[in-house]
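In what follows, a single structure is set out as structure tokens and then discussed.
There are 2 protein chains.
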Amino acid sequence: MYKENNLSKNQQIIFDLIDKSSEPLKAYTILFSVQKKGIKAPPQVYRALDKLVETGKIHKIESKNAFVACRNSNCEISKATAFSICESCEMVDEINDAKLTKYLTNFSDKKGTKYKRFNLEFFGLCKKCK
Amino acid sequence: MYKENNLSKNQQIIFDLIDKSSEPLKAYTILFSVQKKGIKAPPQVYRALDKLVETGKIHKIESKNAFVACRNSNCEISKATAFSICESCEMVDEINDAKLTKYLTNFSDKKGTKYKRFNLEFFGLCKKCK
DNA sequence: TACATAGTGTTATATTATAACAATTTTGCA
DNA sequence: TGCAAAATTGTTATAATATAACACTATGTA
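So the protein sequences, as listed, match chains A and B.
Taking my numbering, the leading residue of the first sequence gets 1, the next gets one more, and so forth.
Taking my numbering, the leading residue of the second sequence gets 1001, the next gets one more, and so forth.
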């Protein structure tokens, strides 16, 4: 059953929910939503979320402790993520900007260190809220 | 008492602790450390942390739920923050790079939207751990 | 002085996340 | 095929992070 799409049952249920959502979902919101499907306890949710993050199917918005589906085939298993977050309506969009990704992927600090992964969160007002 | 340095008693105690620390401190670590100074309950800690973040004296490392003192006079009340985080020893450094700040401050997305604030976290291995 | 604003102390509770253990399912490969 | 390793699941309990709500005190400013 797993092989067809490489997601397990719980992972698929939780991914579908996040993927259909227009806004970031929190772990306990997910838990309440999937209880009717037999996922009853936090560890079941967190384990699926961990795996989905690990495989790049979803991202965690750290400043909100919430999860969004990946909309960006270029972010290569979550190594290079950027989001815009509306401070008014809380909407989150994944930013897919090749230049930005390149700039940050190649960034090296004053000691010459490069980093293999980054997460960038922009805050402001979305079009609607402006 | 407040006027001299514009931090209140609890704010000063908690700022001093974070400022002296070589690593990010978590709220409950702070709480345990300052109980001998009379700060006994979580809201006292969180209120001081909120204020210190708001005024740019400290920053929250979102991926770690921990706090560091600001080492960068240029980050203008936390509007533009960047950190490097070692995945091995957990060390965090604030990045102060004028070019990077300029690049991200001026960044506009595909819809032409600019953002008034950002937070960037780089992950990798620090010099010691490499 | 007197008023508004900011800060404090306190109890209780909400929210987010993991530990630990037993069982089952899937997968790779001998 | 069939067996062991790896991944996933189910479950209970609890740890860790954060806020609500309320009464009170200190500070700054007109």
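Note that the Cβ used here is the ideal one computed from N, Cα and C, for glycine as well.
Buried versus exposed call for residue i [16 or more other C-beta atoms within 10 Å across all chains shown]
i: Lys-20 (chain A); result: exposed
i: Cys-129 (chain A); result: exposed
i: Asn-119 (chain A); result: buried
i: Ile-13 (chain A); result: buried
i: Phe-1015 (chain B); result: buried
i: Glu-1054 (chain B); result: exposed
i: Lys-1060 (chain B); result: buried
i: Ala-82 (chain A); result: buried
Interface flag, residue i vs chain B, CB-CB below 8 Å
i: Tyr-28 (chain A); result: no
i: Ile-58 (chain A); result: no
i: Glu-76 (chain A); result: no
i: Ser-63 (chain A); result: yes
i: Ser-84 (chain A); result: yes
i: Asp-50 (chain A); result: no
i: Lys-128 (chain A); result: no
i: Lys-37 (chain A); result: no
i: Asp-19 (chain A); result: no
i: Lys-40 (chain A); result: no
Proximal residues to residue i (C-beta, below 7 Å), its chain only, five neighbours per side dropped
i: Lys-116 (chain A); result: Lys-79
i: Gln-1011 (chain B); result: Ala-1048, Lys-1051, Leu-1052
i: Ala-1066 (chain B); result: Pro-1024, Leu-1025, Lys-1026
i: Ser-33 (chain A); result: Leu-17
i: Ile-95 (chain A); result: Ala-82, Phe-83, Ser-84
i: Gln-44 (chain A); result: Asn-10
i: Lys-1111 (chain B); result: none
Per DSSP, cross-strand counterpart(s) of residue i
i: Phe-1122 (chain B); result: A:Phe-118, B:Ser-1084
i: Ala-66 (chain A); result: A:Ile-61
i: Glu-1094 (chain B); result: B:Phe-1083
i: Ser-1108 (chain B); result: B:Lys-1114
Any chain A beta carbon closer than 8 Å to residue i
i: Arg-1117 (chain B); result: yes
i: Tyr-1046 (chain B); result: no
i: Thr-1055 (chain B); result: no
i: Phe-1122 (chain B); result: yes
i: Lys-1111 (chain B); result: yes
i: Lys-1102 (chain B); result: no
i: Phe-1107 (chain B); result: yes
i: Asp-1016 (chain B); result: no
i: Ile-1013 (chain B); result: no
i: Lys-1114 (chain B); result: yes
Terminal residues of the alpha helix (DSSP H) in which residue i lies
i: Lys-20 (chain A); result: 9 to 20
i: Phe-32 (chain A); result: 27 to 34
i: Lys-1037 (chain B); result: Careful: Lys-1037 (chain B) lies outside any alpha helix (DSSP H) and carries neither H nor E.
Own chain partners of residue i with C-beta closer than 6 Å, once the 5 adjacent residues on each side are dropped
i: Ala-1069 (chain B); result: Ile-1018, Asp-1019, Ile-1058
i: Asp-1093 (chain B); result: Ser-1084
i: Met-1 (chain A); result: In this prediction, Met-1 (chain A) scores a pLDDT of 45, lower than 50, which makes its location untrustworthy; the coordinate-derived value is nonetheless stated afterwards. Answer for Met-1 (chain A): no residue qualifies.
i: Lys-1114 (chain B); result: Ser-1108
i: Phe-1123 (chain B); result: Ile-1085, Glu-1087
i: Leu-1104 (chain B); result: Phe-1118
i: Asn-72 (chain A); result: Glu-94, Asn-96
i: Lys-1102 (chain B); result: none
Close Cβ partners of residue i (< 8 Å) along its chain, the five nearest in sequence each way excluded
i: Gly-56 (chain A); result: Cys-70, Cys-75, Glu-76, Ile-77, Ser-78
i: Ser-1088 (chain B); result: Leu-1125, Cys-1126, Cys-1129
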